[in-house]
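Encoded as structure tokens, the structure appears first; notes follow it.
There are 2 protein chains.
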Amino acid sequence: MAISLRNFIVGSPLRTAEQVHQRLTKMKALAIFSSDALSSVAYATEEILLVLVIAGTAALNLSMPIALIITGLLVIVAASYYQTVHGYPSGGGSYIVARENLGVWPGLIAAAALLIDYVLTVAVSITAGVVAVTSAVPELLPWRVHLCLLAIALIAWGNLRGIRESGTIFAMPTYVFIVLLMLLILVGLWRWLTGTLRPDTGLAEATLGAQALTTLLILRAFASGCTAMTGVEAISDGVQAFQKPEADNAGKTLTVMAALLAIMFLGITFLAHVMGVVPVEHESVVSQIGRQVFGAGLLYLALQAATALILILAANTAFADFPRLSSILARDGYAPRQLANLGDRLVFSNGIAALACLAAVLVIVFNGRTHGLIPLYAVGVFLSFTLSQMGMVRRWYKLRAGHWRLKAAINGLGAVATGVVLCVVVESKFTHGAWIIVLLVPALVWMFRSVHSHYLDMRQQVSLQDEEVGPWLQFGVAKSHKIVVPLSGLNRGALTALQFARSLSDDVTAVVVDVDTAATERLRETWKVWDFDIPLVVLESPYRSVVRPLFAYLEETDRREPERGLAVVILPEIVPARWWQNLLHNQTTLQLKAVLLFRQERHGAPRVVINVPYHLRS
Amino acid sequence: MAISLRNFIVGSPLRTAEQVHQRLTKMKALAIFSSDALSSVAYATEEILLVLVIAGTAALNLSMPIALIITGLLVIVAASYYQTVHGYPSGGGSYIVARENLGVWPGLIAAAALLIDYVLTVAVSITAGVVAVTSAVPELLPWRVHLCLLAIALIAWGNLRGIRESGTIFAMPTYVFIVLLMLLILVGLWRWLTGTLRPDTGLAEATLGAQALTTLLILRAFASGCTAMTGVEAISDGVQAFQKPEADNAGKTLTVMAALLAIMFLGITFLAHVMGVVPVEHESVVSQIGRQVFGAGLLYLALQAATALILILAANTAFADFPRLSSILARDGYAPRQLANLGDRLVFSNGIAALACLAAVLVIVFNGRTHGLIPLYAVGVFLSFTLSQMGMVRRWYKLRAGHWRLKAAINGLGAVATGVVLCVVVESKFTHGAWIIVLLVPALVWMFRSVHSHYLDMRQQVSLQDEEVGPWLQFGVAKSHKIVVPLSGLNRGALTALQFARSLSDDVTAVVVDVDTAATERLRETWKVWDFDIPLVVLESPYRSVVRPLFAYLEETDRREPERGLAVVILPEIVPARWWQNLLHNQTTLQLKAVLLFRQERHGAPRVVINVPYHLRS
């Protein structure tokens with residue numbers, strides 16, 4: 073029943089042998105890998121304006137220069153990643169590049185930055201996508217957080233069903249978004265040139281600040297705008313997915329993507345500038361531009377829908393990246409092994425679930441506001457950019473193949489540029505939330521190391537050397553165990569357990585913890601009447617705890633005859649016919665099992681726990 | 073470590089013997105039992121106005137007549153409960169009264185209505201309390217839901233620490249609220265009489281509707297206003313807590329409470345009427361009145377703070393009532409037994425946690441809006457009112473003691489009046505949310521019955537009769553068990569388990585499920601090299617599942633020698649030194665244990681599972 077419900081939701085299990093690699097055409101690859109990067113034009117311009125407006129409308133004139141600097145940076149970073157694509161045709165994520173060329177520590181730092189980055193990609197994209205919806209339909213505004221959580225749940229569900237089924241729905245929205253945004257820019261420019269586009273003076277009153285235009289403010293606006301570059305690295309991670317020749321095709325696709333991103337980002341920023349758009353609380357900048365350029369008709373609604381969709385797709389890419397990276401980390405022993413488990417549908421189900429939960433928590437904590445998340449976003453992105461470029465420089469230097477100096481110079485320029493941006497972002501956004509990431513990255517790296525050392529330590533402690541197998545092989549030494557059977561009452565379940573106990577040993581003791589004096593007295597009476605030849609021990613419990621008195625008793629028993637080892641505990645367990653009926657029984661047995669198994673005994677030796685179930689008929 | 077953290081949060085355990093009953097003076101009892109009833113004046117008037125305003129400002133004139141009718145109803149209900157207090161000096165909650173006098177089914181219906189009512193008391197009071205805060209501090213508006221959840225968490229935490237520590241903080245806010253509200257009404261009336269209070273025309277434009285004033289609309293306004301009466305029954309539940317003579321003291325307190333409630337409700341509604349207050353989105357009606365009467369100064373802020381505090385205390389009363397009722401239901405076998413467990417601090421911890429979770433879900437689903445919850449609220453309240461009064465009528469008829477006709481008539485009037493209101497509420501609010509409760513009550517009753525029949529059925533299945541103990545007493549029949557040990561690799565943990573297996577039986581088989589072909593091959597090699605005299609069986613697994621192939625193997629094993637019973641499974645288990653390290657290990661063992669224990673075997677016989685842990689050093 074439970075299993076079939078699960079199959080209905082997630083789909084039936086797939087054989088391991090069904091795992092194949094699908095190769096993508098450039099056309100489809102552009103759609104799949106660029107949604108993250110291109111979708112950022114939906115919020116990047118707005119984030120620049122939101123900072124500048126603090127210093128009044130005049131400061132908004134700085135938006136174009138800032139956008140031009142970011143575009144220049146984009147060209148450098150794209151050129152840098154163009155080389156990564158050729159250097160790592162098997163896929164060069166920042167973790168792999170940094171780890172291979174710079175060592176374990178930089179690799180782990182990059183991994184931490186990337187994992188944080190993926191969670192934020194989901195949170196930022198989803199909240200921005202919901203803003204695109206509520207800008208067009210303000211009635212949905214009070215349900216913003218609910219819509220975000222619904223979107224995250226839907227994406228997670230799609231990914232749990234497996235990537236191939238979601239692959240085909242990728243291409244459409246990206247191209248619709250590109251076409252509509254290009255159309256918006258062209259029509260907007262045409263109307264501006266012909267003078268039919270008047271500045272929107274009505275809105276300009278809305279949210280003006282009067283703070284001085286400091287350098288810090290300009291840097292902060294620049295840092296916010298740098299979110300336009302998030303997702304540029306996506307193609308370098310997935311070179312393997314391209315048709316042959318992989319590196320060439322991936323490089324061309326990267327170039328096209330960067331060009332599209334530059335045009336769209338500059339176009340939107342320019343239109344916002346000439347139209348005098350000011351960011352307002354409940355409508356996005358792109359929505360304001362769209363409504364004025366297209367008029368509040370079908371074309372405007374299509375633009376908003378396409379914006380929302382591409383942002384959801386951007387979130388979706390993180391649902392492929394996060395589980396993959398965490399499975400690689402798990403395989404390398406730096407993350408819990410469950411993250412490397414292929415689920416029934418050949419996807420890393422645990423990673424998908426973890427990402428969905430983390431993103432949902434972020435959305436709830438930040439109340440669905442994109443603007444609050446932005447200062448956290450850029451840090452991780454530029455940290456991984458910088459480490460990846462540094463790794464490439466080191467690589468060219470080590471290989472010293474043809475044109476290695478030029479290649480190293482290009483990547484070096486990328487590393488310096490993104491490194492400077494990283495410093496600017498941390499410095500200017502520190503008090504706005506960047507500090508969280510500055511603390512989180514080392515915390516994550518420390519976790520990776522702890523996990524790793526635990527796995528190493530465990531392997532050492534449990535592994536066997538040939539020479540020490542000898543003593544272990546003394547099987548079959550028949551041994552009479554001390555057996556303790558805790559009872560809560562005298563019923564068929566208890567008797568089944570006592571029977572099993574006696575089938576193993578002659579040294580059986582029944583124990584009852586006195587939490588209900590009347591019931592205990594009745595049990596003692598029955599015990600006498602039925603004349604069992606098993607001793608019954610009653611334990612006091614002033615605090616109503618079953619676990620503590622039992623524990624004390626077991627330790628005392630062990631102390632009396634240390635040479636016979638620890639007593640074996642046999643737990644009678646009533647098992648109902650239906651799963652929900654388990655909720656109706658006191659969880660004492662479960663609690664006992666957990667404590668008995670997980671508590672380290674004073675002697676360091678393991679205590680064996682035997683569960684004897686008694687099944688109820690339905 | 074885990075236990076001491078828990079002690080730090082919840083407080084150290086209390087002995088069962090420390091459970092004493094604290095008797096309350098009338099002064100303190102009024103504060104404790106009336107916060108629920110009195111706090112409803114914070115929203116009842118507003119809910120009437122919110123419905124009437126749909127038909128335009130003229131319709132608002134109906135608020136006073138409606139409030140007067142509700143006050144009349146309040147007098148009837150209070151008189152009715154005055155009799156309950158005398159009839160049930162040991163505490164006469166609706167469940168007890170309905171069950172004793174009307175039978176099990178009406179009792180369960182009343183219990184279902186009450187449990188729903190308590191959850192809604194928390195949700196409505198907390199959301200209204202947060203509105204009191206955001207009315208004064210609009211900057212907190214976007215964090216409304218977060219504030220609600222924080223308040224619920226704090227109240228739940230206080231209750232988990234135990235009632236006595238929270239008891240002393242009850243009295244103050246209730247009296248401060250009563251004093252400030254009375255002052256508000258007096259000053260308001262004075263300023264109205266002296267003509268210094270002008271109608272607020274500025275707000276009147278805000279949210280006017282133009283719908284026709286239909287009878288349905290008037291009934292709906294009445295139904296919304298009836299939420300003023302929620303909590304009137306509280307004293308009748310807690311007669312036992314009063315000083316002697318309990319019934320007399322409780323009756324007097326009930327009278328004072330009803331009088332206070334009537335004055336405050338009528339006063340607020342009258343002021344809202346003469347001031348022309350119209351409900352607006354982000355400020356409560358009481359806040360509007362307070363700001364105009366007191367001016368936006370300290371007195372106004374104190375009023376808002378007291379309103380928020382008494383609403384939080386109202387939520388707190390539900391945290392005493394819900395766990396108590398569910399523990400009574402659990403004791404009677406209608407609810408899961410865990411709900412009857414006294415926690416370390418002598419409170420019903422599970423009931424407290426359940427209430428907090430349910431209320432939090434409601435707050436999230438309804439986005440923290442009181443108005444959305446109101447249609448759900450009144451149904452449960454009036455259903456339990458009606459059943460309780462009907463029960464009292466029946467009781468007087470059965471007892472036929474002095475003046476029984478008069479007493480029956482008073483309760484009869486109460487039953488008819490609340491029954492009519494119940495019908496009005498369900499009818500007029502059905503599509504607005506009352507339908508949820510109309511479905512939920514029978515669903516809960518059905519659950520109570522299912523739980524009950526499961527417990528009865530189980531008791532029958534496990535209980536032993538003296539005459540059948542004979543065959544069970546054949547202990548000590550030494551039996552050689554078939555033992556299967558599933559392995560994931562050859563390490564010290566596996567060898568410890570194999571050793572224990574051989575100490576029990578000569579018939580031991582090691583089994584490995586082939587999910588990783590290379591690892592399986594290595595294991596097979598080592599097995600040969602080390603020359604174990606235990607057979608090793610390798611199972612195929614095309615879908616990477618460990619559980620299914622193992623299951624099939626066990627069933628086949630059992631089928632081969634049915635006369636020897638089911639095979640015993642011994643699970644090796646690596647137990648790390650620190651709890652968090654458990655998260656780092658594949659949960660296969662846990663999953664196996666769950667499936668082996670809970671899956672009903674084809675034969676209906678129990679399969680014994682033995683856990684042999686291998687503890688790692690830290």
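Taken in order, these protein sequences are the chains called C and R.
Position one of the first sequence corresponds to residue 73 (my numbering), numbered consecutively onward.
Position one of the second sequence corresponds to residue 73 (my numbering), numbered consecutively onward.
Every residue gets a Cβ at the ideal spot worked out from N, C-alpha and C, and that includes glycine.
From a predicted model like this one, the values you see are computed outputs, not experimental measurements.
Exercise. Could you confirm whether any beta carbon from chain R is found closer than 8 Å to the beta carbon of C:Trp599?
Key: As a first step, residue 599 of chain C is located in the first sequence; it is residue number 527 there, counting from the start. For C:Trp599, the answer is no, since every Cβ of chain R falls outside 8 Å of its Cβ.
Quiz prompt | Inter-residue spacing [alpha-carbon to alpha-carbon] between R:Gly505 and R:Pro447 | solution = For the purposes of this step, residue 505 of chain R is identified with residue 433 of the second sequence, where counting begins at 1. For the purposes of this step, residue 447 of chain R is identified with residue 375 of the second sequence, where counting begins at 1. Rounded to whole angstroms, the gap between the alpha carbons of R:Gly505 and R:Pro447 is 6 Å.
Quiz item: Does R:Pro245 get closer than 8 Å to chain C when you measure Cβ to Cβ?
Solution: As a first step, residue 245 of chain R is located in the second sequence; it is residue number 173 there, counting from the start. Judged by the 8 Å Cβ criterion, R:Pro245 is not in contact with chain C.
Practice problem: Jot down the residue ranges of each uninterrupted alpha helix (DSSP H) in the stretch 450 to 508 of chain R, minimum 4 residues, whole runs only, in chain order. | Solution: The qualifying runs are 476 to 501.
Practice problem: Could you tell me the distance, in whole angstroms, from the CA atom of R:Val640 to the CA atom of R:Leu570? | Solution: As a working mapping, residue 640 of chain R is identified with position 568 in the second sequence. As a working mapping, residue 570 of chain R is identified with position 498 in the second sequence. Going by the C-alpha atoms only, they are around 13 Å apart.
Quiz item: Got a sec: is the Cβ-Cβ distance from C:Arg679 to anything in chain R below 8 Å?
Solution: Translated into the one-based positions of the first sequence, residue 679 of chain C becomes position 607. It does; some Cβ of chain R falls within 8 Å.
Quiz item: Are the C-beta atoms of C:Asn439 and some chain R residue less than 8 Å apart?
Solution: As a first step, residue 439 of chain C must be located in the first sequence, where it is residue number 367. Interface residue, yes.
Self-check item: Nearest-angstrom beta carbon gap, C:Ser535 and C:Ser166 [assumed within contact, 8 Å]
Solution: In the first sequence, residue 166 of chain C corresponds to position 94, counting from 1. In the first sequence, residue 535 of chain C corresponds to position 463, counting from 1. Between C:Ser535 and C:Ser166 the Cβ distance is about 33 Å, and since that is not below 8 Å, they are no contact.
Practice problem: Assign R:His687 to one of three DSSP states: helix, strand, or coil. | Solution: As a working mapping, residue 687 of chain R is identified with position 615 in the second sequence. Note: R:His687 maps to strand in three-state DSSP.
Exercise. For R:His504, decide whether its Cβ has a neighbour in chain C, counting only Cβ atoms nearer than 8 Å.
Key: If you number the second sequence from 1, residue 504 of chain R lands on position 432. Judged by the 8 Å Cβ criterion, R:His504 is not in contact with chain C.
Self-check item: Nearest candidate by alpha-carbon position, reference C:Ala130, set C:Gly565, C:Val349, C:Leu256, C:Ala185
Solution: Start at 1 with the first residue of the first sequence, and residue 130 of chain C comes out as number 58. Selected option, being the one with the closest Cα: C:Val349.
Quiz item: Roughly how many angstroms separate the alpha carbons of R:Ala737 and R:Leu332, rounded to a whole number?
Solution: Any property of residue 737 of chain R remains undetermined from this structure, which presents chain R solely from 73 to 690.
Quiz item: In chain B, which residues lie with their C-beta within 8 Å of the C-beta of C:Leu656?
Solution: Protein chains C and R are contained in the structure displayed, whereas chain B is not.
Quiz prompt | Start-to-end residues for the alpha helix (DSSP H) that takes in R:Asp630 | solution = Mapped onto the second sequence, residue 630 of chain R falls at position 558. Looking at the DSSP string, the run of the alpha helix (DSSP H) that includes R:Asp630 is 619 to 632.
Quiz prompt | C-alpha gap between R:Gly267 and R:Gln360, whole angstroms | solution = In the second sequence, counting from the first residue as 1, residue 267 of chain R sits at position 195. In the second sequence, counting from the first residue as 1, residue 360 of chain R sits at position 288. Taking the straight line from one Cα to the other gives about 18 Å.
Quiz prompt | Sequence-distant residues of the same chain with beta carbon closer than 7 Å to R:Ala278, five excluded per side | solution = Start at 1 with the first residue of the second sequence, and residue 278 of chain R comes out as number 206. Unreliable positioning characterises R:Ala278 in this predicted model, as indicated by a pLDDT of 48, which lies under 50. The coordinate reading is nonetheless provided below. Cβ within range, chain order: Val350, Val352.
Quiz prompt | Helix, strand or coil at R:Val681 according to DSSP, with G and I counted as helix | solution = Here residue 681 of chain R refers to the residue found at position 609 when the second sequence is read from its first residue. If DSSP states are grouped into helix, strand and coil, R:Val681 belongs with the strands.
Practice problem: Pair every Cβ in the stretch 186 to 203 of chain R with every Cβ in the stretch 382 to 399 of chain R, then say whether three or more of these pairs are closer than 8 Å. | Solution: The stretch 186 to 203 of chain R vs the stretch 382 to 399 of chain R: in contact.
Quiz item: How is R:Ile120 classed by DSSP in three states: helix, strand or coil?
Solution: On the second sequence, residue 120 of chain R is found 48 positions in, with the first residue counted as 1. Residue state, collapsed to three classes: helix.
Practice problem: Within the same chain, show all residues whose beta-carbon is closer than 8 Å to that of R:Glu17, passing over the 5 residues directly before and after it, in chain order. | Solution: Because chain R in this structure spans residues 73 to 690, residue 17 of chain R falls outside the shown range and cannot be described.
Quiz item: R:Leu285 by DSSP, collapsed to three states: which one?
Solution: For the purposes of this step, residue 285 of chain R is taken as residue 213 along the second sequence, with counting starting at 1. The answer is coil: DSSP assigns R:Leu285 none of H, G, I, E or B.
Quiz prompt | Euclidean distance between Cα positions of R:Asp189 and R:Tyr449 | solution = The count along the second sequence starts at 1 and reaches residue 189 of chain R at position 117. The count along the second sequence starts at 1 and reaches residue 449 of chain R at position 377. Straight-line Cα distance between these residues: approximately 6 Å.
Practice problem: Could you check what DSSP says for C:Ile148 in three-state terms: helix, strand or coil? | Solution: Reading the first sequence from its first residue, position 76 is the one you call residue 148 of chain C. Helix, per DSSP.
Self-check item: Inter-residue CB distance, R:Phe454 and R:Thr503 (contact presumed, cutoff 8 Å)
Solution: By 1-based counting over the second sequence, the position of residue 454 of chain R is 382. By 1-based counting over the second sequence, the position of residue 503 of chain R is 431. About 18 Å; that fails the 8 Å criterion.
Quiz prompt | Top-ranked residue by Cα proximity to R:Leu288, from R:Leu430, R:Val497, R:Ile340, R:Lys324 | solution = Numbered from 1 along the second sequence, position 216 holds the residue referred to as residue 288 of chain R. Considering only alpha carbons, the answer is R:Val497.
Practice problem: Tell me whether R:Asp309 is buried or exposed, calling it buried when 16 or more other Cβ atoms sit within 10 Å of its Cβ. | Solution: Taking the first residue of the second sequence as 1, we reach residue 309 of chain R at position 237. So R:Asp309 counts as buried.
Self-check item: Neighbouring residues, chain R, relative to C:Leu611 (Cβ below 9 Å)
Solution: Taking the first residue of the first sequence as 1, we reach residue 611 of chain C at position 539. The premise fails here: C:Leu611 is roughly 15 Å from chain R at the closest Cβ pair, so nothing lies under 9 Å.
Self-check item: Local Cβ density within 10 Å of C:Cys298, reported as buried at 16 or more and exposed below that
Solution: The count along the first sequence starts at 1 and reaches residue 298 of chain C at position 226. Buried.
Quiz item: Could you give the distance in angstroms between the alpha-carbon of C:Leu371 and the alpha-carbon of R:Gly339?
Solution: As a first step, residue 371 of chain C is located in the first sequence; it is residue number 299 there, counting from the start. As a first step, residue 339 of chain R is located in the second sequence; it is residue number 267 there, counting from the start. Whole-angstrom Cα-Cα distance: 55 Å.
Exercise. Within 10 angstroms of the Cβ of C:Leu511, are there 16 or more other Cβ atoms? Answer buried if so, exposed if not.
Key: Your numbering for residue 511 of chain C matches position 439 in the first sequence. Its Cβ having fewer than 16 others within 10 Å, C:Leu511 is exposed.
Quiz item: In terms of alpha-carbon separation, which member of R:Trp518, R:Asn422, R:Leu381 lies closest to R:Tyr406?
Solution: Translated into positions along the second sequence, residue 406 of chain R becomes position 334. For the residues R:Trp518, R:Asn422, R:Leu381, the minimum Cα distance to R:Tyr406 belongs to R:Trp518.
Quiz item: Would the stretch 211 to 231 of chain C and the stretch 243 to 256 of chain C be scored as touching if the rule is three or more Cβ pairs under 8 Å?
Solution: no
Exercise. List the residues of chain C whose Cβ lies closer than 7 Å to the Cβ of R:Gly565, in chain order.
Key: Residue numbering aside, residue 565 of chain R sits at position 493 when the second sequence is read from its first letter. Within chain C, the residues near R:Gly565 are Val534.
Exercise. Give me whichever residues DSSP pairs with R:Ile646 in a beta bridge.
Key: For the purposes of this step, residue 646 of chain R is identified with residue 574 of the second sequence, where counting begins at 1. Among the bridge pairs identified by DSSP, R:Ile646 is matched with R:Tyr686.
Quiz item: Going straight from the alpha carbon of R:Trp215 to that of C:Val123, what length do you get?
Solution: By 1-based counting over the second sequence, the position of residue 215 of chain R is 143. By 1-based counting over the first sequence, the position of residue 123 of chain C is 51. The straight-line gap from Cα to Cα measures roughly 22 Å.
Quiz item: Do the stretch 607 to 614 of chain C and the stretch 561 to 569 of chain C touch if we need at least three Cβ pairs shorter than 8 Å?
Solution: Contact fails: fewer than three Cβ-Cβ distances are below 8 Å.
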